[in-house]
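Position 45 of the sequence shown, counted from 1, bears residue number 822 in the numbering used here, the numbering being contiguous throughout. Glycine included, each C-beta is placed from N, C-alpha and C at the ideal position. Source: prediction; values computed, not measured. Worksheet: one structure, shown below.
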Amino acid sequence: MAPALASRLATAATTVDRATPPRTRQRHADGTPRYTNRLVLETSPYLLQHAHNPVDWYPWGDEAFARALADHRPVLLSIGYSTCHWCHVMEEESFDDEEIAAYLNANYVAIKVDREQRPDLDATYMDAVVALSGNGGWPMTVWLTPSRQPFYGATYVPPHDGDRGTRVGFLTLLRELRQVYDENPLRVAQQADAVTDRLRALAEIPAGDALPGARVLRRAFAEYAATFDDVHGGFDGAPKFPPPGELELLLRYHRRSGDARALEMVTRTLAAMAAGGIHDHVGGGFHRYATDAAWEIPHFEKLLTDNAQLATLYLDAYLVTRDGGFADVARETLDYVARELTDPAGGFYTASDADSDGREGAFYVWTPAEIRAALPAGMATAVLTFYAVSDAGNFDGASVLHAPRPLADVARELDTNPERLRFILSEARRTLRERRATRPRPHVDTKIVTAWNGLMIGAFARGGVVLDEPRFIELARAAARRLLDARDGDGRVPRSLSAGMPQGDGFLDDYADLAAGLLDLYEATFDGTSLEAARALHATLATRFWDAEHGGFFATASDAATELVRRKPADDLPLPSGNAAAAEGLLRLAELTGDEGLRRRAESTVRALAPALVHAPTRAPRLLAVVDFLLDRPREIAIVDPDGGGDPRMLATVRARFLPNAVVVATREPEVAARAGVVPWLADKRALGGRSTAYVCTRGACELPTSDLAVLERQLGEATPLPSE
778 MAPALASRLA TAATTVDRAT PPRTRQRHAD GTPRYTNRLV LETSPYLLQH AHNPVDWYPW
838 GDEAFARALA DHRPVLLSIG YSTCHWCHVM EEESFDDEEI AAYLNANYVA IKVDREQRPD
898 LDATYMDAVV ALSGNGGWPM TVWLTPSRQP FYGATYVPPH DGDRGTRVGF LTLLRELRQV
958 YDENPLRVAQ QADAVTDRLR ALAEIPAGDA LPGARVLRRA FAEYAATFDD VHGGFDGAPK
1018 FPPPGELELL LRYHRRSGDA RALEMVTRTL AAMAAGGIHD HVGGGFHRYA TDAAWEIPHF
1078 EKLLTDNAQL ATLYLDAYLV TRDGGFADVA RETLDYVARE LTDPAGGFYT ASDADSDGRE
1138 GAFYVWTPAE IRAALPAGMA TAVLTFYAVS DAGNFDGASV LHAPRPLADV ARELDTNPER
1198 LRFILSEARR TLRERRATRP RPHVDTKIVT AWNGLMIGAF ARGGVVLDEP RFIELARAAA
1258 RRLLDARDGD GRVPRSLSAG MPQGDGFLDD YADLAAGLLD LYEATFDGTS LEAARALHAT
1318 LATRFWDAEH GGFFATASDA ATELVRRKPA DDLPLPSGNA AAAEGLLRLA ELTGDEGLRR
1378 RAESTVRALA PALVHAPTRA PRLLAVVDFL LDRPREIAIV DPDGGGDPRM LATVRARFLP
1438 NAVVVATREP EVAARAGVVP WLADKRALGG RSTAYVCTRG ACELPTSDLA VLERQLGEAT
1498 PLPSE
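Right, dumping it as structure tokens:
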């Protein structure tokens, strides 16, 4: 290593290690790390976790590939994220092992990528790994040529032959693939070209020429119904992931079709998840997935994206059913994010780890003795009974709290009434949360990812409205303000903020999801700043991401470096489609501003992706929600209050309804003229007779204005049925 680089690394390590204790076991006698690599110069928490591996890691960039080309070496690409359990395992077993690191350093150029910072690389190389091995996941382990083409791929690989029942371990694989690379370069080149051709074929969506109709919605519903778990909710078997996009679509389908089965699939799943161990009963929020079909045992990682989407879903389910339990879960989930994943300067952190104190789930599980030590005897008995805590446990000798029995049944067994038991459990959870806070805490990835913050801004804005919690709206405001302040002079948003600094150019979902969150914030506050910012983000999408030839949006900007392929995402696996978010945002903006060009762009997006949607509709529930919007008669709803105050029940009546394909604006009469500059259909609206007046319109055709709550209820009425085709 050059002396100048070594000096830079040593200086950086002094600062970084003070803030983030090194993970490595390779240490000097005084406890300081024996090794430091280039990753110590990065800001990504995931890359910093590997900064003291004996592996000579490079970040993704031209320097690494130039060295691979000059030294005639293959590239070992490892992609993961900081809260990934099996990423930690592979680091500890292989990347922190001196023998394996020595072989890697002598024979490969090793590159580390944070998938949350570079979703474009993650998506491209995940397609390659799936094509090569039939499976995908993290950590992702890919062998590349110096021209960045993949020729072999895997996920987690144990270090040595026979470990964890694997025939070929990582070190053997490294040796064998290096031998093939040296002795049969033609075979490697042919494999790399074949995989690259496969990636390009996957990225090419045949251009569509027609908008999908109601048939694709009915087909998706039938496919969801066929794979639904009637016992435990959710779809298929274990492992079982929360399906927020699918359930949101089913709520929409129920609204348009009246099909009770659609609503049943939603409510049964949400109730089962809320009762299961995937739900953190003590601290609120949801873990990543359940390892069993009954939602009992989770993989304990918690992601911001999951909790943003699930909070919104539980809010919508509450609006449809008026089941207060759904509202409670939404509030607890939002409280969890507010308490554990919120940056004091505004914005929301990415995730919390599954591991703490060297063990998966250690922070979350309980023994009967721990429960009894924390709570008075009667309260402890209630918790042990209701949450099925036993001496045997259900996870490594301890218990994941879950609620397998109805509250009323347990109350009867304990000779109390349900309301009293509900109060006791609420008080017990608060005490257990305080006791749990004294345990070693899971690592939190403090990156503030723009797209994921957009989802959370929307969840907090909607939660503030539905639950009448102004504090949630203030959290949404603070996050929006921070992200908008992070834009550069050209209005470009960063992919993330890490260590307080903007990192990387934003991708499609960063613009689209942030704009969606801003529109939710606008409908919570009616502050025109949010609406104008959303319009500006969509203007940037149109100039930098739009496919002018075929329609739809690319995941990367036109002036960004393209690695092998430029993708146009349609499906929601594993995160919501940027094209779906962009198209829905365009439709909402079109309804608010009357700009038909925005509506045409949304239609062109759906038309461009129609072949993929028709081929596999259940992979793209968010895009199907846009189809639902296009097939509906969207409502424009205005509430105009007289100067000096009005009847808050008018706006509350609108907000109490599940109206996914509507836009809502409330204003005081003296402000109508100013607001009409952006929302032109407000121009002639008045508070008639000095009373709050509601206007319910469809494409400019309005019902009679009313100040009568009962009339307003009738005007909001039933949803427009799905067309026959």
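Which of helix, strand or coil DSSP assigns to residue i
i	result
Arg-804	strand
His-1076	strand
Tyr-823	helix
Glu-1137	strand
Tyr-902	helix
Phe-1018	coil
Pro-962	helix
Ala-1214	coil
Cys-1266	Reading off the sequence, residue 1266 comes out as Gly, not Cys. Here Gly-1266 sits in coil by DSSP.
Glu-1041	helix
Phe-1406	helix
Phe-1063	strand
Thr-922	coil
Pro-1437	coil
Gln-956	helix
Met-1233	helix
Val-1431	helix
His-849	coil
Glu-1413	strand
Met-778	coil
Gly-930	strand
Identity of the residue in the options nearest residue i by Cα
i	options	result
Val-1473	Ala-1464, Arg-1432, Ala-1415	Ala-1415
Leu-1252	Phe-1125, Asp-1420, Pro-780, Asn-912	Phe-1125
Gly-1061	Ala-1051, Asp-1069, Asp-1286	Ala-1051
Asn-884	Phe-928, Ala-1402, Tyr-958, Val-945	Tyr-958
Asp-1093	Thr-1483, Gly-1467, Asn-1438	Asn-1438
Thr-901	Tyr-880, Leu-881, Glu-875, Gly-930	Gly-930
Arg-895	Glu-1340, Leu-1489, Gln-956	Glu-1340
Arg-1269	Leu-1499, Arg-1365, Leu-1291, Ala-1169	Leu-1291
Asp-1186	Tyr-1164, Gly-1231, Arg-1033	Tyr-1164
Leu-1295	Asn-1230, Thr-1046, Asp-1132	Asn-1230
Pro-1279	Ala-1289, Leu-1285, Asp-1265	Asp-1265
Gly-990	Pro-1394, Arg-1426, Asp-1006	Pro-1394
Tyr-1066	Pro-1020, Val-1043, Gly-1035	Pro-1020
His-1327	Arg-1210, Ser-821, Met-917, Pro-983	Pro-983
Asp-969	Glu-981, Val-852, Gly-1494	Residue identity differs from the one stated: residue 969 is Ala in this sequence, not Asp. The residue with the shortest Cα to Cα distance from Ala-969 is Val-852.
Ala-1159	Phe-1012, Glu-1025, Glu-875, Arg-1197	Arg-1197
Arg-1491	Asn-814, Ala-1471, Tyr-1001, Gly-1477	Ala-1471
Ala-1180	Thr-792, Ile-1055, Cys-1479, Asp-1424	Ile-1055
Test: residue i CB closer than 8 Å to a CB of chain D
i	result
Gly-1423	The structure shown contains no chain D; it is built from a single protein chain.
Cβ distance (whole Å) where residue i is taken to contact residue j below 8 Å
i	j	result
Leu-1274	Ala-1263	6 Å
Asp-1069	Ala-1015	5 Å
Ala-1115	Thr-860	That belief does not hold up - the Cβ atoms of Ala-1115 and Thr-860 are roughly 19 Å apart, past 8 Å.
Ala-1397	Leu-1390	5 Å
Arg-1272	Val-1226	7 Å
Trp-915	Thr-943	Actually they do not touch by this definition, with Cβ atoms about 17 Å apart.
Leu-1111	Ala-1088	5 Å
Leu-1047	Phe-1103	6 Å
Buried versus exposed, by CB contacts within 10 Å (16 or more), residue i
i	result
Val-1008	exposed
Glu-1502	exposed
Ala-1310	buried
Phe-1077	buried
Phe-928	buried
Leu-782	exposed
Ala-1150	exposed
Arg-1108	buried
Glu-819	buried
Leu-1481	exposed
Pro-830	For clarity, residue 830 is Asn in the given sequence; the question names Pro instead. Per the 10 Å Cβ criterion, buried.
Pro-1353	buried
Thr-1215	exposed
Leu-1499	buried
Could you say if the stretch 907-915 and the stretch 838-846 meet the contact criterion of at least three C-beta pairs nearer than 8 Å? no
Are at least three pairs of beta-carbons, each pair with one atom in the stretch 1342-1351 and one in the stretch 1382-1394, less than 8 Å apart? yes
With three or more beta-carbon pairs closer than 8 Å as the criterion, would you say the stretch 914-930 touches the stretch 1290-1303? no
Using 8 Å as the threshold, is the stretch 1138-1145 in touch with the stretch 1169-1178, meaning 3 or more CB pairs across them? yes
Does the count of Cβ pairs from the stretch 1400-1410 and the stretch 1355-1362 closer than 8 Å reach three? yes
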